[in-house]
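Visitor: Just so you know, the sequences run in chain order A and B.
Using my numbering, the letters of the first sequence correspond one by one to residues 893 to 1085.
Using my numbering, the letters of the second sequence correspond one by one to residues 0 to 122.
Handing you a structure now.
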Amino acid sequence: MTSEHDQSAKTKNAENRKMFDALYDHYKSDVYRFAVYLTKNRGEAEELFQDTWLRVAKNFLKAVNMKKVKSWIFTITSNLYKDSLRKKRVRRSFLFQTMEQAGNNQSPRENARSMDNLSHTDSSEQLDIGRAISQALTKLPEQHRQIFVLKEMAGFKYSEISEILKLPEGTVKSVLFRAVKKLRLDLKAYSQG
Amino acid sequence: MEDKDFQKDLEFIRTHLKKMKKPEPSHELVEKTRNLCHQKLCSRVFSPAIPKYIWIAFALTLILIAIIMLPFTKSLKLDQSLDLQNAGVLILIAQNAVMLFFAPVVIRKFRGKQKIGSNALTI
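Now the structure itself:
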């Protein structure tokens, strides 16, 4: 009875590993990119990426029969990111005001620098605009950036984004509209084409 | 007009986004995460389904208890005093109910620990 149970558990584990690997290989790049553009920092993105997949593995049995697996995975990433922001805010509240100000003054530059490394472009012609887009993205407010990345980079529909971020579809559309306007304004120096 | 402008802006950004090389996770990160996830998956306990005859026996026992106990409900009085003998029986029933309720949790924990131990040897 025990060996039978062990055997069936082993088979089940092997099956689950196989299914998990298929899911992981299919979405790992998308999840990583989302994490990078959310956190604007490679180190934090790697942590978020790993935490997301560990959460997926933990609740994998739920995912097996799910129709919208991609949305579910991105919801996990988004929720984990929100949690990490909340924790950061709590930690920050214990620091001195002056230190906080210094940190805030530094962050846009640091962000821009870290995002520069994220947007490698194929040709030198594209280098500047690639960097400019990355920098413009870091300047976007949190929600604007999330929605823009989900729509334009991860390829989600408005309804799916509204599910992931728990926002009304109308809000998603209007935020994306504002995000695009802001991005275009920041990229004014670059001609159409 | 505004909608046209928006589409134009969006097209402009999309064109350049397509040309941008997107960030990719390093091979090391991918494999490390995969291994951690595999460990997590294996630490889960996949209990076999409860056989049908157990459910049938469970249902029959419940029905039998209900049939036996039903006539005695008439003799129940709310203002009845609780002597030591009756209190003892009640405590015994409560203890059994609690044990039955938590038995699956204890068994699952025990099996989980066994499984983690065997995984540690194989991974």
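Even glycine gets a Cβ: it sits at the ideal position worked out from N, Cα and C.
(1) Helix, strand or coil, according to DSSP, for M68 of chain B in the structure here?
(2) F101 of chain B versus chain A: which residues are under 9 Å apart at the beta carbon?
(3) So, does the CB of H26 of chain B fall closer than 9 Å to a CB anywhere in chain A?
(4) Indicate the three-state DSSP secondary structure (helix, strand or coil) for M958 of chain A in the structure shown.
(5) Using a Cβ-Cβ distance under 9 Å, would Y1082 of chain A count as near chain B?
(6) Hey, out of B:L89, B:Q6, B:K31, B:T14, whose CA is closest to I1021 of chain A's CA?
(7) Check the C-beta distance from K950 of chain A over to K108 of chain B and give it rounded, since I have them as a contact under 8 Å.
(8) Short of 6 Å in beta carbon distance, which residues of its chain neighbour N1003 of chain A, apart from the five on each side in sequence? Order them along the chain.
(9) Give the range of the alpha helix (DSSP H) segment to which N34 of chain B is assigned.
(10) If the cut is a Cβ gap below 8 Å, which residues of chain A does I92 of chain B touch?
(11) From A937 of chain A to P24 of chain B, what does the alpha carbon distance come to, in whole angstroms?
(12) Please list, in chain order, the chain A residues whose beta carbon lies closer than 8 Å to that of I12 of chain B.
(13) When burial is assigned at 16 or more other CB atoms within 10 Å of the CB, is P1000 of chain A buried or exposed?
(14) Below 8 Å, how does it come out for the stretch 949–963 of chain A and the stretch 902–920 of chain A: are there three or more Cβ pairs, yes or no?
(15) Taking just the CA atoms, how far does L83 of chain B sit from M68 of chain B?
(16) Could you check whether the stretch 1032–1043 of chain A touches the stretch 25–38 of chain B, counting it as contact only if at least three pairs of C-beta atoms, one from each stretch, sit closer than 8 Å?
(17) Exposed or buried, which one is A901 of chain A when buried takes at least 16 other CB atoms within 10 Å?
(18) Would Y973 of chain A be called buried (16 or more neighbouring beta carbons within 10 Å of its own) or exposed?
(19) List the endpoints of the continuous alpha helix (DSSP H) containing L1042 of chain A.
(20) Using 9 Å as the limit for Cβ to Cβ distance, is N933 of chain A near chain B?
(21) Would you tell me roughly how many angstroms separate the C-alpha atoms of A906 of chain A and L915 of chain A, rounded to the nearest one?
(22) Indicate whether F926 of chain A and A1071 of chain A have their beta-carbon atoms separated by less than 9 Å.
(23) With DSSP run on the structure shown, which of helix, strand or coil describes N905 of chain A?
(24) Taking all protein chains shown into account, do 16 or more other C-beta atoms lie within 10 angstroms of the C-beta of L1068 of chain A, making it buried, or fewer, making it exposed?
(25) Assuming M19 of chain B contacts I1025 of chain A under a Cβ cut-off of 8 Å, what Cβ separation, rounded to an integer in Å, is found between them?
(26) Does any CB atom of chain A fall closer than 9 Å to the CB of D8 of chain B?
(27) Determine the direct distance from the alpha carbon of Y929 of chain A to that of K1073 of chain A, and round the result to whole angstroms.
Guide: According to the data block:
(1) Here the question's residue 68 of chain B lines up with position 69 in the second sequence. Correct three-state label for M68 of chain B: helix.
(2) For the purposes of this step, residue 101 of chain B is taken as residue 102 along the second sequence, with counting starting at 1. None at all; the shortest Cβ gap to chain A is about 21 Å.
(3) Here residue 26 of chain B refers to the residue found at position 27 of the second sequence. Judged by the 9 Å Cβ criterion, H26 of chain B is not in contact with chain A.
(4) For this step, residue 958 of chain A is matched to residue 66 along the first sequence. Here M958 of chain A sits in coil by DSSP.
(5) Residue mapping note: residue 1082 of chain A aligns to position 190 of the first sequence, counting from 1. Yes, contact with chain B.
(6) Looking up residue 1021 of chain A in the first sequence gives position 129. Among B:L89, B:Q6, B:K31, B:T14, the Cα nearest to that of I1021 of chain A belongs to B:T14.
(7) For the purposes of this step, residue 950 of chain A is taken as the residue at position 58 of the first sequence. For the purposes of this step, residue 108 of chain B is taken as the residue at position 109 of the second sequence. Going by Cβ atoms, the distance from K950 of chain A to K108 of chain B rounds to 16 Å, so no, they are not a contact pair.
(8) For this step, residue 1003 of chain A is matched to residue 111 along the first sequence. Low local confidence applies: a pLDDT of 48 at N1003 of chain A is under 50, so the model's placement there is unreliable, and no value is given.
(9) Reading the second sequence from its first residue, position 35 is the one you call residue 34 of chain B. Per DSSP, N34 of chain B belongs to the alpha helix (DSSP H) from 26–42.
(10) The residue given as residue 92 of chain B occupies position 93 in the second sequence. Residues of chain A passing the Cβ test: none, with the nearest at roughly 31 Å.
(11) Locating residue 937 of chain A in the first sequence gives position 45, where the first residue counts as 1. Locating residue 24 of chain B in the second sequence gives position 25, where the first residue counts as 1. Computed Cα separation, rounded: 9 Å.
(12) Within the second sequence, numbered from 1, the residue matching residue 12 of chain B stands at position 13. Chain A residues near I12 of chain B: I1025, E1044, V1072, L1075, R1076, L1079.
(13) The count along the first sequence starts at 1 and reaches residue 1000 of chain A at position 108. Only weak support is given to the placement of P1000 of chain A: the predicted model assigns it a pLDDT of 45, under 50, and the value that follows is read from those uncertain coordinates. By the 10 Å Cβ count, P1000 of chain A comes out exposed.
(14) yes
(15) Along the second sequence, read from residue 1 onward, the residue named residue 68 of chain B stands at position 69. Along the second sequence, read from residue 1 onward, the residue named residue 83 of chain B stands at position 84. Rounded to whole angstroms, M68 of chain B to L83 of chain B spans 21 Å at the Cα level.
(16) no
(17) One-based indexing of the first sequence puts residue 901 of chain A at position 9. Label assigned to A901 of chain A: buried.
(18) Stepping through the first sequence from its first residue, residue 973 of chain A is reached at position 81. When all chains shown are included, Y973 of chain A counts as buried.
(19) Along the first sequence, one-based indexing puts residue 1042 of chain A at 150. Run containing L1042 of chain A: none; DSSP gives neither H nor E here.
(20) The sequence position of residue 933 of chain A within the first sequence is 41, counting from 1. False, the Cβ-Cβ gap to chain B never drops below 9 Å.
(21) Within the first sequence, the letter at position 14 stands for residue 906 of chain A. Within the first sequence, the letter at position 23 stands for residue 915 of chain A. Looking at the two C-alpha atoms, the distance is approximately 14 Å.
(22) Numbered from 1 along the first sequence, position 34 holds the residue referred to as residue 926 of chain A. Numbered from 1 along the first sequence, position 179 holds the residue referred to as residue 1071 of chain A. For F926 of chain A and A1071 of chain A, no; Cβs fall outside 9 Å.
(23) Within the first sequence, the letter at position 13 stands for residue 905 of chain A. Assigned with DSSP and collapsed to three states, N905 of chain A falls in helix.
(24) Here residue 1068 of chain A is taken as the residue at index 176 of the first sequence, counted from 1. Buried, by the Cβ-count rule.
(25) On the second sequence, residue 19 of chain B is found 20 positions in, with the first residue counted as 1. On the first sequence, residue 1025 of chain A is found 133 positions in, with the first residue counted as 1. The Cβ separation is near 7 Å, so the contact holds.
(26) By one-based count along the second sequence, residue 8 of chain B stands at place 9. Yes, because at least one Cβ of chain A sits closer than 9 Å to the Cβ of D8 of chain B.
(27) Counting from 1 along the first sequence, the entry for residue 1073 of chain A is found at position 181. Counting from 1 along the first sequence, the entry for residue 929 of chain A is found at position 37. Near 18 Å, if we compare the C-alpha coordinates of Y929 of chain A and K1073 of chain A.
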